[in-house]
Structures are given as structure tokens and as C-alpha cells.
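Working notes, beginning with the structure itself.
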Amino acid sequence: MTEVHVAGVGLTHFGRHPERTGRDLFGEAVQRAVTDAGVPRDDIDHLNYGNFMGALAERQAHQAPLMAEAGGLQCPATRYEEACASAGVAVREAVKSIRSGERDVMLAGGMERMTNMGTAGATEGLAIAADELHEVHAGITFPGAYALMASAYFDQYGGSRADLANVAVKNHANALGNEYAQYQREITVAEAMDSPPVADPLHLFDACPITDGAAGLVLVSGEYADEHAVDAPVTITGTGQGGDKMALQDREYLAQTPAARDAADEAYAEAGVKPQDVDVAEVHDCFTIAEVLALEALGFYEVGEGIGAARRGETTRDGDRPVNLSGGLKAKGHPVGATGASQIAELTRLLRGDHPNSDAVPDAEVGLAHNAGGTVASAVVHVLEVAR
Amino acid sequence: MSTHGADETPRDAGYDDWLDGIEAGEGIYLSCPNDHGSLPPRRVCPHCGSPELTEEPLPGTGEIESVTVVHVAAPSHADDVPYATAIADFGPVRLTGMVRGVEPDAVEVGTTVAPTVERTETRDERVLVFRPR
Ligand SMILES: [Zn+2]
Numbered sequence: 001m002t003e004v005h006v007a008g009v010g011l012t013h014f015g016r017h018p019e020r021t022g023r024d025l026f027g028e029a030v031q032r033a034v035t036d037a038g039v040p041r042d043d044i045d046h047l048n049y050g051n052f053m054g055a056l057a058e059r060q061a062h063q064a065p066l067m068a069e070a071g072g073l074q075c076p077a078t079r080y081e082e083a084c085a086s087a088g089v090a091v092r093e094a095v096k097s098i099r100s101g102e103r104d105v106m107l108a109g110g111m112e113r114m115t116n117m118g119t120a121g122a123t124e125g126l127a128i129a130a131d132e133l134h135e136v137h138a139g140i141t142f143p144g145a146y147a148l149m150a151s152a153y154f155d156q157y158g159g160s161r162a163d164l165a166n167v168a169v170k171n172h173a174n175a176l177g178n179e180y181a182q183y184q185r186e187i188t189v190a191e192a193m194d195s196p197p198v199a200d201p202l203h204l205f206d207a208c209p210i211t212d213g214a215a216g217l218v219l220v221s222g223e224y225a226d227e228h229a230v231d232a233p234v235t236i237t238g239t240g241q242g243g244d245k246m247a248l249q250d251r252e253y254l255a256q257t258p259a260a261r262d263a264a265d266e267a268y269a270e271a272g273v274k275p276q277d278v279d280v281a282e283v284h285d286c287f288t289i290a291e292v293l294a295l296e297a298l299g300f301y302e303v304g305e306g307i308g309a310a311r312r313g314e315t316t317r318d319g320d321r322p323v324n325l326s327g328g329l330k331a332k333g334h335p336v337g338a339t340g341a342s343q344i345a346e347l348t349r350l351l352r353g354d355h356p357n358s359d360a361v362p363d364a365e366v367g368l369a370h371n372a373g374g375t376v377a378s379a380v381v382h383v384l385e386v387a388r
Numbered sequence: 001m002s003t004h005g006a007d008e009t010p011r012d013a014g015y016d017d018w019l020d021g022i023e024a025g026e027g028i029y030l031s032c033p034n035d036h037g038s039l040p041p042r043r044v045c046p047h048c049g050s051p052e053l054t055e056e057p058l059p060g061t062g063e064i065e066s067v068t069v070v071h072v073a074a075p076s077h078a079d080d081v082p083y084a085t086a087i088a089d090f091g092p093v094r095l096t097g098m099v100r101g102v103e104p105d106a107v108e109v110g111t112t113v114a115p116t117v118e119r120t121e122t123r124d125e126r127v128l129v130f131r132p133r
């Protein structure tokens with residue numbers, strides 16, 4: 001099976017760009033990715049594009065060919081929608097296409113435009129990732145659904161709002177030097193605790209912001225990299241996907257995310273690595289509790305033990321296994337359809353040594369990206385490795 | 001998104017029939033030969049794929065398993081805030097609904113509740129409601 005190399009990565013600034021169109025954002029990400037890769041644009045065979053709610057935000061469906069055009073790509077394009085895991089799935093399908101030998105050079109990425117919808121509009125838009133009949137009718141919002149998971153976690157395993165606040169503080173600290181991050185400022189535990197409630201027990205500083213942004217990756221086969229002497233030391237060695245029932249009420253667990261566990265098991269098996277081999281991870285912290293659930297599903301912690309990881313300093317930049325050195329969704333921002341690709345872009349830079357936080361993980365060889373859709377009814381995990 | 005109330009919007013067959021049943025005090029759930037519970041609309045059991053679903057009476061009360069108080073709502077529920085939304089365990093199935101009849105902040109895990117159907121403040125739409133028993 002051919003290797004899949006990350007030849008180039010491109011990100012826009014994540015933040016409030018209410019006036020910028022989706023096509024402009026994605027065009028910028030593609031331009032940066034192609035420049036970073038040093039691969040001729042004409043060699044790109046296909047665009048795999050992630051987007052969640054462009055039909056609501058921009059009244060624009062059928063975005064894939066539009067985005068290929070925006071990126072100057074002369075190739076077919078396919079849009080993937082899996083809520084917040086849209087770009088993760090787009091990357092995974094690109095990896096599979098290259099491995100199969102069907103394609104040699106692909107652009108995988110995603111975009112979301114959100115701030116032009118306002119807080120109420122974005123809240124309504126995000127809620128469509130939940131079960132319309134049994135959850136949204138009952139008043140469930142995206143934060144509300146994760147609040148139900150947090151409430152169940154506290155009830156079953158213990159933990160406190162202060163534990164969650166430590167996750168937010170950590171991720172804000174990590175975003176300080178990241179020029180692409182929405183929030184490049186530190187916060188304190190007290191500030192997080194005192195922020196207004198959104199859906200108890202989750203408060204404003206437990207939640208990722210509403211974000212505009214785009215991300216793109218140029219992925220190439222090992223043969224292409226060799227033949228064209230592409231400088232691409234980072235390879236994607238494992239990919240996995242898991243699924244669960246759509247509505248929380250229909251799941252076996254309210255405070256565990258088996259879809260992510262299944263995705264991780266598949267990705268670990270492909271890569272031939274174990275959880276303890278992972279040196280650095282980007283996980284889907286749309287809410288602070290989501291990072292905790294991810295740490296446990298990925299096998300970094302036993303169920304019920306992940307809640308204290310940030311507070312104990314184990315996942316901070318000085319810890320044994322730093323998590324979300326980019327700032328995570330929490331501080332870097334969460335343009336829904338771009339996030340899965342942006343995590344891999346950040347990890348690639350961390351492993352290559354050209355990320356502002358690379359000095360926190362100078363010897364890292366194995367990275368992991370965890371991207372979740374909705375309340376983890378879908379999940380995608382990728383393992384990245386770098387030759388040292 | 002209608003402003004005329006749920007009665008004038010198209011019905012969601014199965015789901016609205018299910019709400020009708022709860023409203024009339026004749027709530028049901030669906031059961032398969034493997035005793036998996038689920039809620040309409042379903043053609044097959046979501047847990048095993050069996051097409052042999054039978055309607056069984058929904059237990060009259062359930063127990064709150066998890067609860068949140070929503071302060072920032074979607075436009076469809078904007079005038080209802082703050083409200084408690086909970087997942088309640090009814091044995092073979094769980095239901096998700098708004099909790100009324102108690103201050104939102106006072107709703108606790110373990111509270112015994114009965115399901116009913118009421119209307120939202122915001123758009124006068126039907127909503128599954130739990131009231132403490
Ligand atoms: Zn069944």
C-alpha cells in the first residue's frame with residue numbers, strides 16, 4: 001500500500017471575517033497549501049471539500065466545484081458533509097483514494113463561514129447537526145447537547161467546572177503564539193468560571209467561538225513524492241472512522257464516545273502504534289468536556305480519569321503529552337467544515353518543526369488528530385508520523 | 001419555519017402521531033423481538049435492524065438521567081429561556097424533553113417525571129415536556 005504524504009498545508013486566519021465570502025477564504029487556504037507544497041497546481045487530481053452549512057450561511061449549495069474554481073484547480077471536486085467532522089472525512093477519503101492508486105495528488109480541505117449569521121443564526125445552524133425531531137424540538141442546542149454529556153459525566157465519574165476551566169485555560173495559553181488563532185490571549189480559571197452560562201454546566205468559556213476560516217492540505221502518494229523529490233517528511237499512516245446513534249437518548253452511553261474509540265482503534269491498527277506512542281494530539285474540543293471525552297476514547301486515559309488531565313498539567317505544553325498545542329477549537333477557533341483539515345495542518349507543522357509551538361515537542365514522532373461530528377455520532381481519527 | 005403554530009404546518013408522520021399519543025395519555029414505544037426499545041418514526045429497530053416492531057405502552061414515569069439549563073437558545077426557543085432540557089430514562093427507551101413545573105436550576109438527576117405535550121412560549125409549537133411526579 002502506498003504511503004500518503006502531507007506535501008503542503010494552508011490555513012486562513014481563523015476568526016471573525018463576516019464580510020469575506022467562503023470562496024475567498026477557501027481560495028486563500030488553497031493558495032497557501034499549494035505554495036507550501038511546491039507541487040504544480042495542475043498535478044492535483046481531485047478536491048475533497050468539507051463544508052457543513054453553506055446552504056444556510058451563504059445560500060450556496062453545490063460548493064465543491066465552486067471551491068475548486070476558487071482555488072484555481074482544474075479537476076473534479078466532491079463535497080463531504082459530516083457536521084463538524086466534514087473535513088476529517090474529506091481527508092480520510094483522500095487518503096483512501098491515494099492508497100488505492102486511483103489518484104496521486106489531492107487537495108483535501110474545508111471551509112465554513114459563520115459569523116455573518118450572527119449568534120442566533122449560528123446557534124440555529126449548528127443545532128441542525130442534532131436530531132431535529134427528538135432533540136431540537138425539545139430545545140437542544142449544540143452547547144445544550146454537550147452540557148447533557150457533561151452533566152452525565154459529572155454524575156457518573158465526578159469532576160467539576162474547575163476541571164473543565166483548566167482545559168480552556170490550557171488551550172488559550174497554547175494559542176498565544178499562533179498567528180492563525182481567533183483568540184491569542186490568556187485567560188484564568190476564575191475568568192472561565194465566572195463567564196456567563198450558556199447551557200449549565202457549560203459556560204461561555206467552555207465553548208469554542210463562532211468562526212470563519214478555511215484549511216487545505218496537499219496530499220501526495222509516496223511514488224509521486226519520490227519521483228518529483230517533494231519535501232514531505234510527514235506521512236498519514238492511519239485513518240479510522242466510527243459512528244454512533246444520532247440522538248444522545250438512543251446511545252448506550254451519555255458520557256462516553258465510542259465512535260471516537262472505534263475510529264482510533266482503526267487508525268492505531270493501520271499505523272501499528274498504540275495510544276502511549278502518541279507524542280502530541282489535536283483533539284476536537286468544541287467544548288471543554290469534549291476534550292475530556294476524547295482523551296478517554298483515544299485510550300490516553302481510562303474512562304472517568306481524563307477530567308483532571310489539564311489540571312494536573314499532563315496535557316499542557318510542558319506535560320507528557322501536549323494536547324491542542326494549536327489552541328484547539330476552543331481558542332484557535334472552529335470553522336466547522338474546515339476544522340478536521342486544520343488539525344492535520346497544525347500537526348504537520350508541529351511535527352515538521354515550523355510551528356510556533358514545535359519547541360514544546362522537539363522529539364515528537366507520532367501525532368494524532370481527532371475530529372468529531374455533532375455529539376460524536378461520527379468521528380474520524382488520523383495518525384501522522386514524521387521521519388526523524 | 002411557520003409562525004402559524006404547529007397545527008398548520010405539515011405533520012411529521014410517526015413523530016406527530018407519537019406526540020398525539022402522549023398528549024392523550026396513551027404514549028407508546030416500539031419494541032423488537034430482541035427487546036430493544038426505540039421511538040417513532042421507525043421502520044426497523046435501530047439497534048438490530050429487525051423489521052418486526054410492535055407498539056408497547058410507554059411506562060408512565062421515567063427518571064431524569066441528565067439535565068441542562070439552556071440560557072442561549074436557538075431562535076425557535078428564544079423566549080423560553082432559561083429552560084431545563086433533560087434526558088429521562090423510561091426503561092426500554094430514553095426521551096428528551098423540556099422540564100416544567102419546577103425552577104430550571106432545581107431540576108435534579110434522579111427526579112421522577114411524567115411526559116406530557118405542551119407548547120413553547122416562543123412559537124407556540126408542540127414540545128415534549130417532563131413534569132415531576
Ligand atoms: Zn432490535
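Protein sequences appear in the order of chains A and B.
Straight run, no breaks: the first sequence in the UniProt record's numbering ends on number 388.
Straight run, no breaks: the second sequence in the UniProt record's numbering ends on number 133.
Ideal Cβ positions, reconstructed from N, Cα and C, are used throughout, including at glycine.
Just so it is clear, the structure is predicted and the values come from calculations on it, not from any experiment.
- Judged by DSSP in its simplified three-state form, N51(A) adopts coil rather than helix or strand.
- The nearest non-hydrogen atom of ligand 1 is 7 Å or more from the C-beta of N357(A).
- Not one heavy atom of ligand 1 is found less than 7 Å from the C-beta of N371(A).
- Using a CB distance cut-off of 8 Å, G97(B) counts as an interface residue toward chain A.
- As the crow flies, the alpha-carbon of L133(A) is around 53 Å from that of E227(A).
- When the Cα atoms are used, I28(B) and P51(B) turn out to be separated by approximately 17 Å.
- Under the 8 Å criterion on CB atoms, T375(A) is classed as non-interfacial with respect to chain B.
- In this structure, the beta-carbon distance from G8(A) to A33(A) falls below 8 Å.
- By the neighbour-count criterion, in which 16 or more other beta carbons inside 10 Å mark a residue as buried, E93(A) falls on the buried side.
- Neighbours of D200(A) across chain B, judged by C-beta separation under 7 Å: T68 and V69.
- Contact between G125(A) and A37(A) does not hold, since the beta-carbon distance rounds to 32 Å and is not under 8 Å.
- Not a single C-beta of chain A is nearer than 8 Å to the C-beta of E121(B).
- A387(A) counts as exposed, since fewer than 16 other beta carbons sit within 10 angstroms of its beta carbon.
- Interface annotation, S151(A): in contact with chain B, CB-CB separation under 8 Å.
- Residue range F142 to Y157 is occupied by the alpha helix (DSSP H) that includes P143(A), with no beta strand (DSSP E) assigned at that position.
- Interface annotation, A33(A): not in contact with chain B, CB-CB separation never under 8 Å.
- Those residues that bring their Cβ nearer than 6 Å to a heavy atom of ligand 1 are C32(B), N34(B), H36(B), C45(B), H47(B), C48(B) and S50(B).
- Classified as exposed, E55(B) has fewer than 16 neighbouring CB atoms from the shown chains inside 10 Å of its CB.
- Taking the beta carbon of A165(A) as reference, no residue of chain B falls within 7 Å; the closest one sits roughly 17 Å away.
- Between the alpha carbons of A264(A) and G101(A) lies a gap of roughly 24 Å.
- Residue ranges of uninterrupted alpha helix (DSSP H) with 4 or more members, entirely inside the region 261-330 of chain A and ordered along the chain, are 288-297.
- Contact with chain B is absent for Q63(A), since none of that chain's Cβ atoms lies less than 8 Å from the residue's Cβ.
- An exposed status is given to A229(A), since fewer than 16 other beta-carbon atoms sit within 10 Å of its beta-carbon.
- Secondary structure note for D20(B): its alpha helix (DSSP H) is the uninterrupted segment Y15 to E23.
- Residue environment: N171(A) is assigned as buried (16 or more neighbouring CB atoms within 10 Å of its CB, all protein chains considered).
- Annotation: Cβ neighbours of H77(B) in chain A (cutoff 7 Å, chain order): G139.
- Y83(B) reaches chain A at G139, counting residues in chain order whose Cβ is nearer than 8 Å.
- In the DSSP assignment, Y80(A) forms a beta bridge with G50(A).
- Using a Cβ distance threshold of 8 Å, V99(B) and V107(B) count as a contacting pair.
- Every alpha helix (DSSP H) of 4 residues or more that sits fully in the region 10-68 of chain A is shown, in chain order, as 22-37 and 54-57.
- The residues H134, in chain order, have a CB closer than 7 Å to that of Q249(A) in the same chain once the five nearest residues on each side in sequence are set aside.
- In the three-state DSSP reduction, R133(B) falls in the coil class, being neither helix nor strand.
- The alpha-carbon separation between K332(A) and Y180(A) amounts to approximately 7 Å.
- DSSP, reduced to helix, strand and coil, places I128(A) outside both helices and strands of the structure shown, so it counts as coil.
- Sorting G373(A), E385(A), D277(A) and V198(A) by C-alpha distance to the C-alpha of A147(A) places V198(A) at the top.
- Its chain contains A168, A192 and S195 as the residues whose beta carbon lies nearer than 6 Å to that of F205(A), once the 5 sequence neighbours on both sides are disregarded; these appear in chain order.
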